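Everything below concerns the one structure shown next.
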Amino acid sequence: MVYSLVAADAVPPITQIVLNYPAGWLDDVRKIIDHYAIKTAVTYGEAGATRHESVRLLLPLCDNEMVLIHESARPLVTPQDFHTLIADERENVSYMLPIPFTVAPVDPKTRTVTGHLDRSRLRNVQLPQKFRRSTLIAAHESVEQSGIQFTEDATLCAVTGAEVFFIDGSERNFKVTTKTDVRLAGYLLSGEAEE
Amino acid sequence: MSAQGSARSVMVTGASRGIGLATARRFWQHDNGVVDLILVARDSDDYAAAVAALEGHNEYRKRLHVYAADVGDKQAIGALVAEVIGDVERVDVLINNAGYTSPLPIHEIEFADFERTMRVNVYAPFLMVQKMLHLGNQFELILNVASTAGIKGRSGWLTYSSSKAALIAMSEAMKEELLIYGTRVVCISPGRCATALRRTLAPDEDPATIMQPEDVAAVIEMLASPVGRFVDSENLVVRL
């Protein structure tokens, strides 16, 4: 979380950081903001049960009409990544990467392969992303009744009718999930990789 | 973090004599982009004379900020850092130079003296950096003055060697952690150098025959210059 915060804090057009915290962790999160002397104004919101719900709960806390969404699981984000998104003249933009491997549609119950996906028509969704706040709120409202959960907001906005664009991300800004990812991120962040 | 070459502020601890004073002189007397020079030392006649000499010779119209503090006192460091950031706003280059020793064999060491050695040589640089980070200061360069005594312990130097070994390791940890801000953390280990501290360690030695504080100050000036980044990857031994 600290790496993402420090990167965002170095971007002057970001005037507010809306940060979620798991229930019971507010004091710990506040302490981190204090210790790392984050200069940007921070607004805290309790996390939802899912990522989808967390975004929905944080949206009313955002002061600005243009909103960037980032996740702390991507600590290798750079201030330039935020600057590029902000400078993009389009409203709803996400970083995405081509997929260098094949993704197969399957039926997990019967463990059968059910078809074929053309990988040239697929992208690996990355964060950060930029949205108009009202677009994002409308998208969340339109799926609230159906109960469908999205794992990120570019596809959510797209399927609910908004125009969402993508620009090429960086393989360095990967999502740190597995133990191997943690080791790789540690290696890249320590500067040893520059050798 | 300020860009290389723009107006910089440099803070030197232990600035009343030895390597600290020689370093302060170099930053003060050269046309090198340093605009604010911040000195820290305990009150002493040496310190007053050093400050007067610097003020009397200010060719490049720099600003001198003089603070009297004992860096072995944790509370004093807290107050000092708040005062410095209040006055000068930011510290681009911090030179943790203040050092203390009272060399004795293990049988004779007073525990309180070992504690003072650690407070001045280890906790002071740590507190200086941590308190400034908490106030949002982003350093361009932190330079910690360790010692070859921290690489190899020697008889009679138990407390001093232990403290400098800790400072060398602490610098390595700081270097990795502050990479996120683009801060360079550099550690140098001077060998025998003609300072008051050296006279305490080796009273019978002729100071004229060994490395001078001005020599170490020249190395520090080089490390703080753009070329410094090419030689700062490891603890740098500086000796004759």
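The listed protein sequences correspond, in order, to chains A and B. Just so we're aligned: the first sequence equals residues 4 to 198 in this note's numbering. Just so we're aligned: the second sequence equals residues 242 to 481 in this note's numbering. Every residue, glycine too, gets a C-beta built ideally from N, C-alpha and C. Remember, it's a predicted structure, so these values are computed and weren't measured experimentally.
In summary, the residues of the segment 27-55 of chain A whose CB is separated from some CB of chain B by less than 9 Å are Asp-37, His-38, Tyr-39, Ala-40, Ile-41 and Lys-42, in the order they occur in the chain. Within the segment 351-382 of chain B, the residues whose Cβ lies closer than 7 Å to some Cβ of chain A are Leu-374, His-375, Leu-376 and Gly-377, listed in chain order.
Note that the C-beta distance between Ile-383 (chain B) and Leu-335 (chain B) is below 8 Å.
Exclusion of the five residues before and after Glu-462 (chain B) leaves Thr-264, Arg-267, Phe-268, His-271 and Asn-273 as the residues of its chain whose Cβ lies within less than 8 Å of its Cβ. Glu-49 (chain A) places its beta carbon 8 Å or farther from that of Asn-67 (chain A). In the structure shown, His-348 (chain B) adopts helical secondary structure according to DSSP, grouped into three states. The alpha carbon of Pro-346 (chain B) has as its nearest neighbour, out of B:Pro-467, B:Ala-323, B:Ala-410 and B:Leu-442, the alpha carbon of B:Leu-442. Residues Gly-391 of the same chain have their beta carbon placed closer than 7 Å to that of Ala-406 (chain B), with the five preceding and five following residues left out of the count. Within the same chain, Arg-425 come within 8 Å of Arg-470 (chain B) by CB-CB distance, once the 5 residues on both sides are set aside. For Ile-421 (chain B), the residues of chain A that pass the 9 Å Cβ criterion are Val-5, Tyr-6, Val-9, Ala-10 and Leu-192, in the order they occur in the chain.
In the three-state scheme derived from DSSP, where H, G and I count as helix and E and B as strand, Lys-112 (chain A) is classed as coil. With a minimum length of 3 residues, the unbroken runs of beta strand (DSSP E) contained wholly in the segment 27-55 of chain A fall at 44-49. Here DSSP, grouped into helix, strand and coil, assigns Arg-59 (chain A) to helix. A distance below 7 Å between beta-carbons, with the five flanking residues on each side excluded, links Val-361 (chain B) to the following residues of its chain, in chain order: Val-312, Gly-313, Ala-339, Gly-340 and Tyr-341.
Under the 10 Å beta carbon count, Gly-172 (chain A) is surrounded by 16 or more other beta carbons and is classified as buried.
Fully contained in the segment 103-185 of chain A are the following alpha helix (DSSP H) runs of length 4 or more, in chain order: 136-147 and 156-162. With fewer than 16 other Cβ atoms from the protein chains shown falling within 10 Å of its own Cβ, Glu-349 (chain B) counts as exposed. If you compare the alpha carbons of A:Ala-107, A:Thr-53 and A:Met-69 with that of Phe-153 (chain A), the shortest gap goes to A:Thr-53. Asn-95 (chain A) sits in coil when the DSSP states are folded into three classes, being neither helix nor strand. Per DSSP, the unbroken alpha helix (DSSP H) holding Tyr-401 (chain B) starts and ends at 399-418. Going by DSSP, His-306 (chain B) is part of the beta strand (DSSP E) stretching over 304-309.
Contact annotation, Arg-331 (chain B) with Ser-250 (chain B): C-beta distance approximately 6 Å; criterion of less than 8 Å satisfied. In the DSSP assignment, Arg-249 (chain B) falls outside any alpha helix (DSSP H) and within the unbroken beta strand (DSSP E) covering 249-254. In chain order, Arg-258, Gly-259, Ile-260 and Pro-454 place their CB closer than 8 Å to the CB of Thr-436 (chain B), counting only its own chain and leaving out the 5 sequence neighbours on each side. CA-CA distance, Asp-184 (chain A) to Arg-480 (chain B), rounds to 43 Å. Distance from the Cα of Met-369 (chain B) is smallest, within the candidate group B:Asp-354, B:Glu-324 and B:Leu-420, for B:Glu-324.
According to DSSP, residue pairing for Val-329 (chain B) in a beta bridge does not occur.
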